[in-house]
Every structure is written in C-alpha cells, then in structure tokens.
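Quick notes on the structure that follows.
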Amino acid sequence: MDFSKYVKLQVYMVTLKDHTDLDAFYNDMETPGGDLHIPDRQVGVNNRRDISRTTEYHLTEQEAELLKNDDRVAFVELNPKDRGVNVLESHISQTANFHKSQGESYTNNTWKNWGLWRVWDGNPASNAYRGNNTQTIKLGLTGKNVDAVICDGNGGAVMDDHPEFQKNADGSGGTRFYDYNWYQWNPQVTGGSASTYNYASNTSNHAHHVAGTVLGNTQGWARDANLYHLYYFSGGVNYNFPYVMDYIRLFHNNKGINSETKVKNPTVVNNSWGMSIFPSEWSFNDITEVTYRGVVHQRPVTSISENGQYGVYGTGAELSNFTDVLVNKANRITTSGSETPANGDFGSTPTGWTRSGAVMNIAISANPPSQDTVQVQGPAVIDVQYDLASSSVSGIQSMSLEIDIRDAGNSPIQTSITGTDASTNDGETIQVNLAQSNISLPNNEVYNVIFNSTTSLGSTPTVSGEKKVTIVGYTAATAQASTTDLGTVAIASTDGLTASVTPTTGTNNNGYWSISIPFNISYISQNYNTVHLGTNSYLTFGGGSTNSTNISSTNPGFPKIMVGGADRSAQRVWYGVTGTGADRIFRLVYEGTSTTTGSVGSPTVRYEYKFYEANPSRIDLIVEQNSNVTTTTGNFSSSQLNAWGFISGQRIPVRVNALDSDLEDLEQAGVIFCGAAGNGYWKHDLPGGPDWDNKFKMNDRYPGQEYYYHRGSSPTANDNVAGGGTHNITNICVGATQNEIGSFQESRVDFSDHGPGVDIWAPGHNIVSAYYSNTGVGDTRNNSRYLGRISGTSMASPQVCGVLCCLAERYPTLNQDQMKVLLQGISKSDQIEDGTTGSGNDDYTDVNALNGAPNLYLFYPKLRPDDGVAFPYITHRERPTSGAVYPRSNRTYRG
16 MDFSKYVKLQ VYMVTLKDHT DLDAFYNDME TPGGDLHIPD RQVGVNNRRD ISRTTEYHLT
76 EQEAELLKND DRVAFVELNP KDRGVNVLES HISQTANFHK SQGESYTNNT WKNWGLWRVW
136 DGNPASNAYR GNNTQTIKLG LTGKNVDAVI CDGNGGAVMD DHPEFQKNAD GSGGTRFYDY
196 NWYQWNPQVT GGSASTYNYA SNTSNHAHHV AGTVLGNTQG WARDANLYHL YYFSGGVNYN
256 FPYVMDYIRL FHNNKGINSE TKVKNPTVVN NSWGMSIFPS EWSFNDITEV TYRGVVHQRP
316 VTSISENGQY GVYGTGAELS NFTDVLVNKA NRITTSGSET PANGDFGSTP TGWTRSGAVM
376 NIAISANPPS QDTVQVQGPA VIDVQYDLAS SSVSGIQSMS LEIDIRDAGN SPIQTSITGT
436 DASTNDGETI QVNLAQSNIS LPNNEVYNVI FNSTTSLGST PTVSGEKKVT IVGYTAATAQ
496 ASTTDLGTVA IASTDGLTAS VTPTTGTNNN GYWSISIPFN ISYISQNYNT VHLGTNSYLT
556 FGGGSTNSTN ISSTNPGFPK IMVGGADRSA QRVWYGVTGT GADRIFRLVY EGTSTTTGSV
616 GSPTVRYEYK FYEANPSRID LIVEQNSNVT TTTGNFSSSQ LNAWGFISGQ RIPVRVNALD
676 SDLEDLEQAG VIFCGAAGNG YWKHDLPGGP DWDNKFKMND RYPGQEYYYH RGSSPTANDN
736 VAGGGTHNIT NICVGATQNE IGSFQESRVD FSDHGPGVDI WAPGHNIVSA YYSNTGVGDT
796 RNNSRYLGRI SGTSMASPQV CGVLCCLAER YPTLNQDQMK VLLQGISKSD QIEDGTTGSG
856 NDDYTDVNAL NGAPNLYLFY PKLRPDDGVA FPYITHRERP TSGAVYPRSN RTYRG
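Structure below.
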C-alpha cells in the first residue's frame, strides 16, 4: 500500500485571500500545535515571499488538502515542477534565413517586420507581403517616457549595444537599455539579502526578438521607450515559478515622478511565455479522467478484481459471495439455518482420521500410537469402538487397549473401557475388541475421547483394526446465506445519525465499534442486538476483533460479513434508527480507506448496512465507494479526446494560482501588461463559458492533481470572480495571424491558441526582429549583432505591447482595464477569416477557427489622419457605452 500522501513532504504554494492575515498565518503554521486545518507541528518554510500573499511550505498531500479548508486560504497548490508544469516562450520556430512568405529564405538584412505596415495601415495586403513591399509608415506616438519591461528568456546580456535598442535608427545616440538591479528588492521578494542581478549569463534570441518588436528603432513600435529586461526565472533562483511579478511591482511602486510629464512613467510588460505541461510530460494515454461540460468521463474499465476478503461467512466457512465486485453496488443478504449441528459435533479432525457426518474413525494397519484423542462438543450421546488384531511370524505378543472419556475439566465421566490379550507361543494371533454404546456427554462443553494403546507385537507383525466414535442422532449444520443484486443504490444523507470517530476498542487502524441495535436481528438463526464493525472492513456478530493480518474464512473467528477485509483503517462511523414502530430500520455507515491511515471526511471506502426490525434476517449492504479493489483500465480513444478539445503532442496551457495572484497585485499597482496566447492549438474560455470548467486528471503520472485545460495559461489568461472564475485579472491575451496568398487572406496561424479568452489578434508569422546569435543575418549597422525571423504568438504579443507603449505615452494614467477597452476600441473588426462563423465555438480542430474569440485586429493609433485636416491632434478616448453620455468623453480616432 502507498502511504506516501501521509508522510512525503513536498513544496506547496499557499496563497491567502488578504495580505492582512499573513502574520497570524505565519505564526499558526510555523509554531508547534495546530487546529482542525493547521498541521499539528512546526511547518517548514521553503520561501517566505514577504510582499506576496503566497508562501511556500513543506507539506504532505493530506496536510495540503486540510489546509484548503482554512477560511484565510485562497489556494493550496503543489508547486508546478512536481505537477509536470513548466515555462517556456511561446514561439514555434526560429531560423535566421527566412522571410515572411513561406518558401523564401531570409537573407536580406534590410527586410523589416511586416506587422509594422499591416497594423499601421489597417488593411490586409493583396500580395501577402511577398517580394517588394516598399511602403511608408508614420509613427506619431513612439512610447516616449514609457518603461517597457520585457519579461522573457535570459537575453539581457547584449541588449545594451544592439543597434535596434539605440536611440537613433542608424544605431547611434546611446542605448535605451537600462541594466536595472532587480535583486535590490530581494529582502521584500525572497526574504534574502539584496544582491546584483546578472545580465551577463545565458542569452536568448527570443528575448531579443520580442524586445525588437516592442521598441526596436527599425523593427518595432515604441522607438522612444525605455527598455528593461527581466528573466522570468528570476536568474534561475526559484525552481517553482517566477518571482517576476513581485520584482516588477516593486520596480513600478518605487519610481519617482517624471519631471517632464509630471506623472510616474507608465510600466508596460510583455509576457511572451506561459506555464504549460510539455509533450514530454503527458500523452493521451496518461489521461485517467476528463470532466467535459459538466459530464465526468472515467477511463474505460477493462476489469475489476477484489482486493481483500469478501463475502458472507459463518464462524468458519464462506456461505455466500456477493453477486458482483462491490463498486457502486448494493446487495441484499439473507441468512438461515444454524452453524451448530444438532445433538453435538466433533472438534477438529485428528491427523490420519476421517470424518463422515456422525462418524469419526481411523483404520489401523500398523502398530498404533500410544494415544489418540477425538474431541466432541456436548451435549451429545456417543458410541465408541476400538478393535485391534495382530499376528507375528515369531515372538510373544501382547496388547492392552483403553477408551477413556473425560470432560473439559479432565475428570472421567465413567470407568474407562479396557481389554487385554497375549500370546503363549510364536506365531499366535491376538485380538482385543472394545465397544460401548449410548454414552451420555450431558453438558455444553468439549469432551475428550482418548484411545490408549500399550502393545508388544513380536517380529514383523500383521496388524488390522479400527478406532471409531459415532455421535448418536447427529444432524449436520445447516447454515445458509444468499445475496441478491440491488443494482446501484445511493447512501442516504447521514443527517440525524450519530457520528463516532473513536472505536470502542482499539484504534482507527486496528479496532472496532460495538454498536447496540434497539431490536433483535438474526444472523444464521442467532439473535443479536449488538454488532461489531471493525476498522479492517468486516462486521462481526457475537464479538469484536482487532485482527488485521491473515484475514480469512476463520479469522476473525466470529460469524461475519467482509467487504475487502484486510489491514485497513476507518475514520468514522454513522449509526441510528429511521422509521417508527415495527418498520424501524437501523443504519450503520462505514467510512475508511484501503490503507492503514486516512482523514475524517475523505473516505475512499464508504458503505452502509441496513437492518430491518420487520425482517430480522435481512441485511442490505450498500457500497458507494470502494478502493478495496484492483481496477484495470484502458485508455480514452483519440476521437474522444479530440472531441473534448485535447490536442495531441502539444503543450497544455496551465494556470498557477500563486502566479495569478501575483498578477492581480500587479494590476492593482497600476502596471499594464499583455501576453502571448500560446502555440498549442488550445481553446481559451472565459468564466461562465461552456468549456471554462473542463478539467482532467493524470492519476498514474501525477496522483491527486487536477488540471483545467481551457482556462488559458498563467500569466496571460483572463479571469474574473464575478463571472465564476478564481481571480480578477484583466489580461490582454494575444493570438497570432498570418497573411498568405490563398482563400484566407487574413487568418489565425494554425498553431495559435484561440477562443473567448483571446482578446486581440496581431501578426505573428515569420516576423523579423533583433537577434542575439549569429544564426541570423548580420545587422548592417553592426555586423556582430543580428536580425532573425521567428513565428509564434510570442511574436504577436510584442506587436500589441509596442502599441500599448505608444498609447501609454498619450494616456499615462490609464489602468489595465481602461487600456484594454481603449486598445480593443481602436482595433479593426472582422478582418480575420473565422472557421467557426455560424457553427458555435467548439470546433477545436479547425485551424482557422477563432472559436468565440473577438474578431479584432490590432491597429496603431495615429495622432493625425493620413489626409485632410492635420490639426488638432486626435487625443480623445472612446465614449462610454453605459452611464452618463453627456458631456461627451473624448474619443480616439479609429483610422
């Protein structure tokens, strides 16, 4: 049996609902002595994280489950590493030598990010940006006095001198990269000492590329924005998940006021990464349970076998087994007859003897032993017999035989029966015949019939004889039991019943409850008004037992019913009477586990006995849960999983509650952020949507873990508590588009995640931007720095981030929610082919389907119209859609 859930310590992330509860919670957890939910020990701290609502503790699985019930706790979640969840950038491929259009290699270092023209112009191109696409764009807003944080791979090492990140487009003017020391905030974030953040470690093409699209001076949007970079592993110091949101929050909160703008510089963060279960950590065959749109689907069961002892028993023999393996099944048990034979019975059969009903005997063909004993349970009347004859070739023979009958106190009940014989010459035959009938054994006790022999049988004797005991008037035991299948019957509510968590005798591991019943019941024709429910999953009559090993038909040695009887544990029983008068029913409910430990309220074995006053020999057994079985299962089919929205061989987006809680705090601090939807073809739903609560388990690979697979990925998912979600996050989640010649001039890139949780679409296919490694092409301004081309939602999100930086220049005081409304308000509608138009939002396999995502294409806001009157600037926001509409609020020109 696996006891690891009760003893194995793992790192769990415990997130509180409110910062104000932290100190009291620290004290409860980190000092000895607990309550109903807090472990009764000093809990070890893995990471304090003082400014976060999340603290990392060393807990067992059982302790983590109990802790969820504490009113102060929002989430208790196993750290992502041990759940198979990891983090990586959301890009599909990266190679230097190719261009926007498929089939053409990228070798021309004068090519630019095709998304610049597409988003600035606002219209699809007829040539899909193939070949010469010389155009002119005019960027009025360039992110001046805006701090752009590229939260990405570890790529800050050479950002300072890459031409794309200099102040001027020719690569001159000095860098816009700030080597900010994030680790000055270690005391508040990690509880450690302040140190120096290292930008010189491993570098990332991905981070350079993302930064170039956000604010590069030829490939990006916010060409006057300040560049900050933070590795999402925080320098690799935390194997669980990033501290990054806490670092960014402190960075933002501790800024001074910009003397030029008279406000604090806006902070805009791009998150082109996400928490995922990677293909190496899962497969279709790992999935053991799926809940799809409210319906729970279990992996198909191929066989169920009993584990432990099952059946209806007397003191020894099994009288009946159940009609089927007891999993979500009920059986009616009826017993009759008697375990005790009429007019006495024999005890165990001595070695070499034979019993046939009323007769116990042994044939003699050799010199008999000096003594044999046959036990008889009285009261009884018996006949006894001892015959022995011997003939030898030579030698004088003699024999002296005795039948001695004694009671349980070893007192003789009569004069023993004796006989002797002896020879006078060689070769003579001698013989003794002893017999007596109708010997009374009057008491209810065990009598011993003793056969004594003293012999001297000469040389090579020939011997024959018999010892025999016969019970006069013997009638065999007639104990019988039958079981009837009642199908699936639910255990009724235990309201009104009495609960007990402490056995009458013994412990919850090896003990039993002695339960009094207010009327007589009959089991194998014996009346009882007390039953004994053992923690080891057996019900006994006439006495209780703590036996836990070698459970069998004779162990425990009482009449019994067993439901997987073995070394188990029980944490609680319920009992009581329902009904009135002669129709009373006595209910007895068992709650336990198939192991030797467990917790109250979390049974894996739960069943009920019902006893009937009107029918004393009837017992109904209702088994609701039963882990005392061995279940063999098959796998879900690919067609099933595809229909439920699973995509084989792709990363599964996963939410991490602690990271989402940090994101809530970041939003409250006034930071603006956006992120990549992901490249696994998955749908992202919103709270209240049909797929929001879809979830699955991989119990063989990650026992006890549950994953929601249509809620998007942290830190880029949308959520709101009022709608039925778990967090309040107004994210800006970005999907990727392509523009290729064919029937779909504008479409979702096939790999892009989609669905209502994706807020806006932007170019993300074959995007040219800054590169670190020489696998790209050399930049004309500095041949030791490079340009490269990558595809992915990681490339679409920085398009949006760049535009957000430009908007933040104009509207530096907007919060996340206001910025999202503004961004979507200026976007272009209905420019993307939608494969789900008119067919709902559950076509998971259509690679052009938006599946309920807004059909909104990113658009760059312009200070002036492209033609006509060029003054004044267009600086107004959207008019409200609810509430007062006068006086008019300012509107932003939509192009």
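Taking this note's numbering, I'd label the letters of the sequence shown as residues 16 to 910.
We treat Cβ as the ideally placed atom computed from N, Cα and C, and that holds for glycine.
ask   = Are three or more beta carbon pairs between the region 404-423 and the region 359-374 nearer than 8 Å?
value = no
query = Considering only residues of the same chain and omitting the five flanking positions on each side of P813, which have a CB-CB separation below 7 Å?
reply = Locating residue 813 in the sequence shown gives position 798, where the first residue counts as 1. Closer than 7 Å at Cβ, skipping near neighbours: V225, T228, V229, N285, S287.
query = Leaving out the 5 sequence neighbours to the left and right, which residues in its chain are closer than 7 Å to K270 when beta-carbon positions are compared?
reply = Numbered from its first residue, the sequence shown carries residue 270 at position 255. Excluding positions up to five away in sequence, the list reads K279, N280.
key: Reduced DSSP category for I397 - H, G, I as helix; E, B as strand; rest coil   = Within the sequence shown, numbered from 1, the residue matching residue 397 stands at position 382. Of the three classes helix, strand and coil, the one that applies to I397 here is strand, per DSSP.
task = Give a yes or no on whether the C-beta atoms belonging to M577 and Y258 are separated by under 7 Å.
result = What you label residue 577 is simply residue 562 of the sequence shown in a count that begins at 1. What you label residue 258 is simply residue 243 of the sequence shown in a count that begins at 1. Not closer than 7 Å, so no.
query = Using the C-alpha atoms, what's the distance from T485 back to F361?
reply = If you number the sequence shown from 1, residue 361 lands on position 346. If you number the sequence shown from 1, residue 485 lands on position 470. Each residue's alpha carbon lies about 10 Å from the other.
request  = Pick out the complete beta strand (DSSP E) segments inside the region 374-436, 3 residues or longer, and give them in chain order.
outcome  = 374-379, 386-392, 395-406, 413-421
query = When the distance is taken between beta carbons, is F711 closer than 7 Å to I53?
reply = Here residue 53 corresponds to residue number 38 of the sequence shown, with the count starting at 1. Here residue 711 corresponds to residue number 696 of the sequence shown, with the count starting at 1. In this structure, F711 does not lie closer than 7 Å to I53 by Cβ.
task = Excluding the 5 residues preceding and the 5 following L81 in the sequence, name in chain order all residues of the same chain whose CB lies nearer than 6 Å to its CB.
result = Working through the sequence shown from its first residue, we reach residue 81 at position 66. Counting only Cβ-Cβ distances below 6 Å, and skipping sequence neighbours, we find H52.
ask   = Measuring CB to CB, does G817 end up less than 7 Å from G235?
value = On the sequence shown, position 802 is the one that residue 817 refers to. On the sequence shown, position 220 is the one that residue 235 refers to. Taking 7 Å as the Cβ cut-off, G817 and G235 qualify as a contacting pair.
message = Which residue marks the beginning of the alpha helix (DSSP H) containing H224, and which one marks its end?
response = Taking the sequence shown and counting its residues from 1, the one referred to as residue 224 is at position 209. Segment 220-230, the alpha helix (DSSP H) holding H224.
key: Minimum C-alpha distance to R621 - residue among S663, T550, V862   = Counting from one through the sequence shown, the residue named residue 621 turns up at place 606. If we check each option's Cα against that of R621, T550 comes out closest.
task = With a cut-off of 8 Å on the beta carbons, I'd call V588 and M290 a contact; round off their distance for me.
result = In the sequence shown, residue 588 corresponds to position 573, counting from 1. In the sequence shown, residue 290 corresponds to position 275, counting from 1. Incorrect: roughly 43 Å between the Cβ atoms, too far for contact.
query = Does DSSP put Y722 in a helix, a strand or coil?
reply = Here residue 722 is taken as the residue at index 707 of the sequence shown, counted from 1. DSSP places Y722 in strand when its eight states are reduced to three.
request  = Mind checking which residues open and close the beta strand (DSSP E) that includes G557?
outcome  = Looking up residue 557 in the sequence shown gives position 542. Here G557 belongs to no beta strand (DSSP E), and DSSP marks it neither H nor E.
request  = If I'm right that G727 touches R670 with Cβ under 8 Å, what's the distance once you round it to whole angstroms?
outcome  = Taking the first residue of the sequence shown as position 1, residue 727 is located at position 712. Taking the first residue of the sequence shown as position 1, residue 670 is located at position 655. About 7 Å separates the two Cβ atoms, so the contact holds.
key: Residue burial classification, A629 (beta-carbon count within 10 angstroms, cutoff 16)   = Here residue 629 is taken as the residue at index 614 of the sequence shown, counted from 1. The residue is exposed, with fewer than 16 neighbouring Cβ atoms inside 10 Å.
task = Examine the Cβ distances between the region 312-331 and the region 635-651 and report whether three or more of them are shorter than 8 Å.
result = yes
key: S335 - partner residues in DSSP beta bridges   = Numbered from its first residue, the sequence shown carries residue 335 at position 320. The partner list for S335 (beta bridge, DSSP) reads V327.
Nearest-angstrom Cα separation, counted from N183 out to F874 = Indexing the sequence shown from 1 puts residue 874 at position 859. Indexing the sequence shown from 1 puts residue 183 at position 168. Cα to Cα, F874 sits roughly 24 Å from N183.
ask   = Is DSSP giving S809 helix, strand or coil here?
value = Taking the first residue of the sequence shown as position 1, residue 809 is located at position 794. Helix at S809.
key: Span separating the alpha-carbon of T611 from that of S552   = Taking the first residue of the sequence shown as position 1, residue 611 is located at position 596. Taking the first residue of the sequence shown as position 1, residue 552 is located at position 537. Their Cα atoms are separated by approximately 11 Å.
inquiry  = Quick check on D768: buried or exposed, where buried means 16 or more other Cβ atoms within 10 Å of its Cβ?
reply    = The sequence position of residue 768 within the sequence shown is 753, counting from 1. By the neighbour-count rule (16 or more Cβ atoms within 10 Å), D768 is buried.
task = Kindly list the residues whose CB is nearer than 6 Å to the CB of G251, restricted to its own chain and excluding five residues on each side of it in sequence; keep chain order.
result = One-based indexing of the sequence shown puts residue 251 at position 236. Its pLDDT being 48, under 50, G251 is placed unreliably by the model, and nothing is read from it.
task = Give me whichever residues DSSP pairs with V638 in a beta bridge.
result = Here the question's residue 638 lines up with position 623 in the sequence shown. In the DSSP output, where bridge partners are listed per residue, V638 has K344, Y622.
I377 versus K482: straight-line alpha-carbon distance, rounded = If you number the sequence shown from 1, residue 377 lands on position 362. If you number the sequence shown from 1, residue 482 lands on position 467. One C-alpha to the other measures close to 5 Å.
task = With a threshold of 16 other CB atoms inside 10 Å of the CB of H73, please say whether the residue is buried or exposed.
result = One-based indexing of the sequence shown puts residue 73 at position 58. It is exposed - the Cβ of H73 has fewer than 16 other Cβ atoms within 10 Å.
ask   = Exposed or buried, what is S219 when buried is set at 16 or more other beta-carbons lying within 10 Å of its beta-carbon?
value = Reading the sequence shown from its first residue, position 204 is the one you call residue 219. Its Cβ being crowded by 16 or more others within 10 Å, S219 is buried.
query = Does the distance from the CB of G352 to the CB of Q541 come in under 7 Å?
reply = Taking the sequence shown and counting its residues from 1, one reaches residue 352 at position 337. Taking the sequence shown and counting its residues from 1, one reaches residue 541 at position 526. No, they are not a contact pair.
task = With S529 as the anchor, note down where its beta strand (DSSP E) starts and where it stops.
result = One-based indexing of the sequence shown puts residue 529 at position 514. It spans 526-538 - the beta strand (DSSP E) in which S529 sits, taken as one unbroken run.
message = Assuming contact is defined by CB atoms lying nearer than 7 Å, are A823 and N268 in contact in what I supplied?
response = By one-based count along the sequence shown, residue 823 stands at place 808. By one-based count along the sequence shown, residue 268 stands at place 253. No. Outside cutoff.
inquiry  = Here's a check: name, in chain order, each residue in its chain whose Cβ is nearer than 7 Å to the Cβ of I107, leaving out the five neighbours to either side.
reply    = In the sequence shown, counting from the first residue as 1, residue 107 sits at position 92. For I107, the pLDDT reaches just 33, beneath the cut-off of 50, and the residue's location in the model is therefore unreliable, leaving the point undetermined.
inquiry  = Looking at the strands, I want to know which residues DSSP matches up with F299.
reply    = In the sequence shown, counting from the first residue as 1, residue 299 sits at position 284. Partner(s): none; F299 has no beta bridge.
Separation of S632 from Y538, as counted between CA atoms = By 1-based counting over the sequence shown, the position of residue 538 is 523. By 1-based counting over the sequence shown, the position of residue 632 is 617. Rounded to the nearest angstrom, the two C-alpha atoms are 6 Å apart.
query = What separation, rounded to the nearest whole angstrom, lies between the Cα atoms of N733 and M44?
reply = Residue numbering aside, residue 733 sits at position 718 when the sequence shown is read from its first letter. Residue numbering aside, residue 44 sits at position 29 when the sequence shown is read from its first letter. Their backbone Cα atoms lie some 32 Å apart in a straight line.
query = Are there 16 or more other CB atoms within 10 angstroms of the CB of V29, so buried, or fewer, so exposed?
reply = As a first step, residue 29 is located in the sequence shown; it is residue number 14 there, counting from the start. So V29 ends up on the buried side.
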